[in-house]
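Inspection log for the structure reproduced underneath, given as C-alpha cells.
As C-alpha cells, then:
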C-alpha cells in the first residue's frame, strides 16, 4: 500500500458487481487502485507477480465454487487479507470462510460505500496485527532469524523432504565462546549488536534452501537441506567459519569471536 493508495485485487466474474464495487470505492476520499480478474486461476496468476493490499473474492466463480474457492486461494496467500462476497442466501458459506481465515465477508446487494471502505480498512489492519503476532511467535526479534520453535518445525520438514527425495540433512550448532566476556565488559547493548551481526552473516553464508536460527543466548543452529555428500556440508561449514572469523565492529569497537561449530 502506497502512502495514499490502497491496491485491491477484485476476483469477480459478474460485470455488474465489478462496476458497482468500483463506483462505491470511487465515492470515498481514500484512493483505491482496483485490478479485476474474472476467475480464480487468473487471480492466482496475478498474485504470483503482484502483492495487493487486499483481495475481494467472490466465492462463486466459473472455475471454482463455494468454500473451496476461498480455501484454495488462502492456502497460497496467507499474508494478504481476503474479504469474501456472496449472495444473501449463502451467508453460511461466507461465515465458514471467515472461520477458515477470511478477514470479513460482504453480502451482495447490501453494500454501501462506507461499509465497503471500512471493511477493507479493518481487514488490512487486522491482518497486519495477525502477521505481527505470528512473527513474534516464530522469529527472534533481535536477529530476525527463526527461533527455537520454528527451527524444530523446519527441521521436521527437512527430514520429511530428505526421506521423500532420498537426500540427507546437514545440521550445525554454533556457540560463541567469548560472547559472555563482551556482555560483562561492554554491556548487553553491545552484545546485542554483536548477535545481530552474527545473524546477518549467517543469513548470507547459507543457501536459500537452508535455515539459520537463533536457539537462545549465543547459540545458533543451521539446517542444510538437499545434502548429497560430506563435501557439501564441509564447503558451507568453511564459509560460515570464515565469515565469523572476521572482526565484528560494534560502535567502532572490533570484536573477534571464538565459535564452536559442531
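Numbering (the numbering used here), first residue to last: 221 to 482.
The beta-carbon is built from N, C-alpha and C at its ideal position, and this holds for glycine as well.
Check: Beta bridge counterpart(s) of residue 285 as assigned by DSSP; Outcome: 280
Check: C-alpha distance - residue 248 paired with residue 333, whole-angstrom precision; Outcome: 7 angstroms
Check: Beta-carbon proximity list for residue 410, same chain, < 8 angstroms, skipping 5 on both sides; Outcome: 402, 403, 470, 471, 473
Check: Extent of the continuous beta strand (DSSP E) to which residue 470 belongs; Outcome: 468 to 470
Check: Rounded C-alpha distance that separates residue 289 from residue 296; Outcome: 12 angstroms
Check: Candidates 308, 362, 294, of which the one nearest residue 318 by Cα; Outcome: 294
Check: Of the residues 390, 273, 309, 263, the one placed nearest residue 282, counting alpha carbons only; Outcome: 263
Check: Backbone secondary structure at residue 303 - three-state DSSP; Outcome: strand
Check: Integer-rounded CB distance, given that residue 300 should sit under 8 angstroms from residue 268; Outcome: Wrong, their Cβ atoms sit about 12 angstroms apart, outside the cutoff.
Check: Beta-carbon spacing of residue 278, residue 320 below 8 angstroms; Outcome: no
Check: As assigned by DSSP and simplified to three states, the class of residue 273; Outcome: coil
Check: Cβ pair residue 340, residue 313 closer than 8 angstroms; Outcome: no
Check: As assigned by DSSP and simplified to three states, the class of residue 232; Outcome: coil
Check: Alpha-carbon spacing of residue 420 relative to residue 362, whole angstroms; Outcome: 11 angstroms
Check: Rounded C-alpha distance that separates residue 394 from residue 330; Outcome: 59 angstroms
Check: Exposure of residue 265, with buried meaning 16 or more beta-carbon neighbours within 10 Å; Outcome: exposed
Check: Buried or exposed by the 16-neighbour rule on C-beta atoms within 10 Å, applied to residue 445; Outcome: buried
Check: Candidates 228, 373, 439, 304: closest to residue 256 by CA position; Outcome: 228
Check: Distance between residue 377 and residue 366 (C-alpha atoms, nearest Å); Outcome: 14 angstroms
Check: Span separating the alpha-carbon of residue 463 from that of residue 424; Outcome: 9 angstroms
Check: Length of the line joining the Cα atoms of residue 415 and residue 406; Outcome: 14 angstroms
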